[in-house]
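Asks: Residue numbers (this note's numbering), protein chains in the order written: chain Y, 1 to 195; chain D, 1001 to 1197. I'd like to ask you about the structure that follows.
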Amino acid sequence: MDGDTLVRRWVEDAQKGDRAAFQALYEHFSPRIYNFLYRLLGSRDEAEDVAQQTFLNAFRQLGALRDVAQVESWIYRIARNEVYLRFRRKKTISIDDDETGINIEQLEESRLGANPERLLLNEELGRVIQIVLDNLPPKLKEVFILAVIQGLSYQDVTEIVGRSLLSVKTDIYRARLLAKNEIRKYLDHAERKQG
Amino acid sequence: MGNHISQEKISELLDGQLAFAESARIESHIRTCDHCALIRKELAAVNHLFKVSEMAAPPPRLWARISAELEAGAKPVTSTAARPSWWERFSGAPIWPERLRIGAMVPAGALLAILTVLISGSILVTEYRSKNQLRLAAIAEIDKVREVLIAGNLGASNPFRTTAGLKPGKNPFSQYESPRNENPFHSLIGETQEVQP
């Protein structure tokens, strides 16, 4: 039985209230959903809270899922909506916020080795990446995470974020460019300090 | 291709979002163009950096938290696909071909509309009748008062009257008996001093 068929069966059984089937769905999708939330929120604790709410909402609304083949995109949408709710409650960031600007000092505080070659091998790479992500405008960040880190197709990304394909393509490209420029600035800065 | 490839197109190429023919054409150009090759290399490096980052795994306690909430009573919304709808049960066939299903919806919909009108109508009629009774009762009371006021009947039937045997000309609100010419405030004169201009 292939993966898609298995997932379909789990969804159908979970829709009838089969708790074990829902757990199987959780174990199948939670690593990707959690990673998405962690990269989006920048905090493991927050990602855990939102992931919990995401899967509870998914369980409650599973009966409303019509196209079982789109269950992954559907769960991503639920997760994203939960993140928005959290943003609105905290009133910290607007999803349309277009400001950016990476703080070099912030990158330095990541305790990276000054040697650029060691950067790629250093276990703090993840922290650097997170800082770069955290400094992307939210609108660009979410599509970049979905397409580049989570590896979803542009079409899937448009379904999750509810924007046009053109808008998604443009924002992924802009995010990649911003990330490239800021990583380069950091490497140049680190090299100058070393030199 | 004489011109350079747009960076946005190279970005799409790296994400595997281009059709095979277009990808092949762009790759062919990149092989002969140092500028585009550098752009591709830089954007690919960014991709690689993010893709090799470790996936954050959910903590083991996450399922325990979810499970606890489920035990506490979170219930799934019952799937409408899990059991036949009411009109399917009504028609006696659990599964209809789509055309028949749509066809059955029309008379079923009409029946539902008729039932809705009948039920709403009966509720309104009941409500009207009870309200009408109240209205009639209110009119009866008003008539009683009108009779009293117009007829000048200050007898025992006057609903506003609390004392019997009220004399004509007597202020019914006054409990103070005083001669007609006496100033009821006379006791205050002499206690106050007139203000001299």
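A virtual CB, placed ideally from N, CA and C, is assigned to each residue, including glycine.
1. Taking the alpha-carbon of residue 131 of chain Y as reference, which of Y:179, Y:170, Y:151 and Y:56 has the nearest alpha-carbon?
2. Name the chain D residues that come within less than 9 Å of residue 146 of chain Y, Cβ to Cβ?
3. Just to confirm the assignment, what range does the alpha helix (DSSP H) spanning residue 12 of chain Y have?
4. When the Cα atoms are used, what is the spatial distance from residue 1039 of chain D to residue 1007 of chain D?
5. Evaluate residue 949 of chain D with the Cβ neighbour count: other Cβ atoms within 10 Å of its Cβ, from every protein chain shown; 16 or more gives buried, anything less gives exposed.
6. Along chain Y, which residues have their Cβ under 8 Å away from the Cβ of residue 1120 of chain D?
7. For the segment 24-41 of chain Y, which residues have a beta carbon sitting closer than 7 Å to at least one beta carbon of chain D?
8. Do you know how far the Cα of residue 181 of chain Y is from the Cα of residue 1011 of chain D?
9. Counting pairs of Cβ atoms below 8 Å between the segment 1027-1046 of chain D and the segment 1054-1069 of chain D, do you hit three or more?
10. Would residue 1022 of chain D pass as an interface residue toward chain Y - the criterion being a Cβ-Cβ separation below 7 Å?
11. Using a Cβ distance threshold of 8 Å, determine whether the segment 157-165 of chain Y contacts the segment 136-148 of chain Y, with at least three qualifying pairs required.
12. Which residues in the same chain as residue 59 of chain Y place their Cβ atom closer than 7 Å to its Cβ, once the five residues preceding and following it in sequence are excluded?
13. For residue 88 of chain Y, does the count of other Cβ atoms within 10 angstroms reach 16, so buried, or fall short, so exposed?
14. Could you spell out where the alpha helix (DSSP H) holding residue 126 of chain Y opens and where it closes?
15. Could you give the DSSP three-state label for residue 163 of chain Y: helix, strand or coil?
16. With a threshold of 6 Å on Cβ separation, who are the neighbours of residue 4 of chain Y within its own chain once the five nearest residues in sequence on each side are excluded?
17. How would you write the range of the alpha helix (DSSP H) that residue 1017 of chain D sits in, first residue to last?
18. How long is the line joining the alpha carbons of residue 1154 of chain D and residue 1123 of chain D, rounded to whole angstroms?
19. Could you pull the start and end residues of the alpha helix (DSSP H) that residue 1033 of chain D belongs to?
20. Whose C-beta lies closer than 7 Å to the C-beta of residue 156 of chain Y among residues of the same chain, with five residues either side of it excluded?
21. Measuring alpha carbon to alpha carbon, tell me which of D:1023, D:1065, D:1062 and D:1046 ends up nearest residue 172 of chain Y.
22. When DSSP labels each residue in this structure, what does residue 61 of chain Y get in the three-state scheme?
23. Tell me, please, whether the CB atom of residue 1042 of chain D is closer than 7 Å to any CB atom in chain Y?
24. Taking only beta-carbon positions, decide if residue 180 of chain Y is within less than 7 Å of chain D.
25. So which residues of chain Y does residue 1059 of chain D contact, with C-beta pairs closer than 8 Å?
26. Using a threshold of 7 Å, state whether the C-beta atoms of residue 53 of chain Y and residue 82 of chain Y are closer than that.
27. Enumerate in chain order the residues of its own chain whose CB-to-CB distance from residue 147 of chain Y is below 7 Å, with the five nearest sequence positions on each side excluded.
28. State the Cα-Cα distance for the pair residue 27 of chain Y and residue 79 of chain Y, rounded to the nearest angstrom.
29. Among Y:189, Y:20, Y:47 and Y:134, which one has its Cα closest to the Cα of residue 33 of chain Y?
30. Quick one: is residue 75 of chain Y near chain D, going by C-beta distance under 7 Å?
31. Where do the ends of the alpha helix (DSSP H) carrying residue 37 of chain Y lie?
32. Might you give, ordered along the chain, the residues of its own chain that have their beta carbon closer than 7 Å to the beta carbon of residue 183 of chain Y, omitting 5 neighbours on each side?
33. With H, G and I counted as helix, E and B as strand and the rest as coil, what does DSSP make of residue 1053 of chain D?
34. So residue 1068 of chain D is in the alpha helix (DSSP H); what residue range does that whole segment cover?
35. Just checking: is the beta-carbon of residue 166 of chain Y within a distance shorter than 7 Å of some beta-carbon in chain D?
36. From residue 57 of chain Y to residue 175 of chain Y, what distance separates their C-alpha atoms?
Replies: The relevant details are as follows:
1. Stepping through the first sequence from its first residue, residue 131 of chain Y is reached at position 131. Checked all of Y:179, Y:170, Y:151 and Y:56; the closest Cα to residue 131 of chain Y is Y:179.
2. Position 146 of the first sequence, counted from the first residue, corresponds to residue 146 of chain Y. Within 9 Å Cβ-Cβ: nothing; residue 146 of chain Y doesn't reach chain D, min ~11 Å.
3. The residue given as residue 12 of chain Y occupies position 12 in the first sequence. Element bounds for residue 12 of chain Y: 3-15.
4. Counting from one through the second sequence, the residue named residue 1039 of chain D turns up at place 39. Counting from one through the second sequence, the residue named residue 1007 of chain D turns up at place 7. So the alpha carbons of these two residues sit roughly 7 Å apart.
5. Residue 949 of chain D lies beyond the stretch modelled for chain D, which goes from 1001 to 1197, so this question has no answer here.
6. Sequence index remark: in the second sequence, residue 1120 of chain D carries index 120 (1-based). Here the premise fails: no neighbours, minimum Cβ distance about 29 Å.
7. 26, 30, 31, 34, 35 and 38
8. Start at 1 with the first residue of the second sequence, and residue 1011 of chain D comes out as number 11. Start at 1 with the first residue of the first sequence, and residue 181 of chain Y comes out as number 181. If you take the alpha carbons of residue 1011 of chain D and residue 181 of chain Y, they lie about 15 Å apart.
9. no
10. The residue labelled residue 1022 of chain D in the question sits at position 22 within the second sequence. No, its Cβ sits nowhere closer than 7 Å to a Cβ of chain Y.
11. yes
12. Locating residue 59 of chain Y in the first sequence gives position 59, where the first residue counts as 1. Once the five neighbours on either side are set aside, the close Cβ partners of residue 59 of chain Y are 22.
13. Walking along the first sequence from the start, residue 88 of chain Y turns up at place 88. That one is exposed.
14. Numbered from 1 along the first sequence, position 126 holds the residue referred to as residue 126 of chain Y. 125-134 is the extent of the alpha helix (DSSP H) around residue 126 of chain Y.
15. Position 163 of the first sequence holds residue 163 of chain Y. Looking at residue 163 of chain Y - three-state DSSP - the assignment turns out to be coil, as it is neither helix nor strand.
16. As a first step, residue 4 of chain Y must be located in the first sequence, where it is residue number 4. Result list for residue 4 of chain Y: empty, nothing under 6 Å.
17. Indexing the second sequence from 1 puts residue 1017 of chain D at position 17. Where residue 1017 of chain D is concerned, there is no enclosing alpha helix (DSSP H), given that its DSSP letter is neither H nor E.
18. Position 154 of the second sequence holds residue 1154 of chain D. Position 123 of the second sequence holds residue 1123 of chain D. Note that residue 1154 of chain D has pLDDT 44, beneath the 50 cutoff, so the model's placement of it is unreliable and the number below is only indicative. Rounded to the nearest angstrom, the two C-alpha atoms are 44 Å apart.
19. As a working note, residue 1033 of chain D is residue 33 in the second sequence. Counting along the chain, residue 1033 of chain D falls outside any alpha helix (DSSP H), and DSSP gives it neither H nor E.
20. Start at 1 with the first residue of the first sequence, and residue 156 of chain Y comes out as number 156. These residues qualify, in order along the chain: 73.
21. Along the first sequence, read from residue 1 onward, the residue named residue 172 of chain Y stands at position 172. It is D:1046 whose Cα lies nearest to the Cα of residue 172 of chain Y.
22. Counting from 1 along the first sequence, the entry for residue 61 of chain Y is found at position 61. Helix.
23. In the second sequence, residue 1042 of chain D corresponds to position 42, counting from 1. Yes, contact with chain Y.
24. Here residue 180 of chain Y refers to the residue found at position 180 of the first sequence. With 7 Å as the cut-off, residue 180 of chain Y counts as an interface residue toward chain D.
25. To locate residue 1059 of chain D, count along the second sequence from 1; it is residue 59. Here the neighbours are 44 and 48.
26. Here residue 53 of chain Y corresponds to residue number 53 of the first sequence, with the count starting at 1. Here residue 82 of chain Y corresponds to residue number 82 of the first sequence, with the count starting at 1. It is a contact, given that the beta carbons lie within the stated cut-off.
27. Looking up residue 147 of chain Y in the first sequence gives position 147. Excluding positions up to five away in sequence, the list reads 154, 157 and 172.
28. By one-based count along the first sequence, residue 27 of chain Y stands at place 27. By one-based count along the first sequence, residue 79 of chain Y stands at place 79. About 16 Å.
29. Against the first sequence, residue 33 of chain Y aligns to sequence position 33. Closest by alpha carbon: Y:47.
30. The residue labelled residue 75 of chain Y in the question sits at position 75 within the first sequence. Residue 75 of chain Y does not count as touching chain D.
31. As a working mapping, residue 37 of chain Y is identified with position 37 in the first sequence. Start and end: 19-41.
32. For this step, residue 183 of chain Y is matched to residue 183 along the first sequence. Excluding residues within five positions, the ones whose Cβ falls inside 7 Å are 132.
33. Here residue 1053 of chain D refers to the residue found at position 53 of the second sequence. Note: residue 1053 of chain D maps to coil in three-state DSSP.
34. One-based indexing of the second sequence puts residue 1068 of chain D at position 68. Here the alpha helix (DSSP H) through residue 1068 of chain D covers 1061-1071.
35. Working through the first sequence from its first residue, we reach residue 166 of chain Y at position 166. No, because no Cβ of chain D sits closer than 7 Å to the Cβ of residue 166 of chain Y.
36. Taking the first residue of the first sequence as 1, we reach residue 57 of chain Y at position 57. Taking the first residue of the first sequence as 1, we reach residue 175 of chain Y at position 175. About 30 Å.
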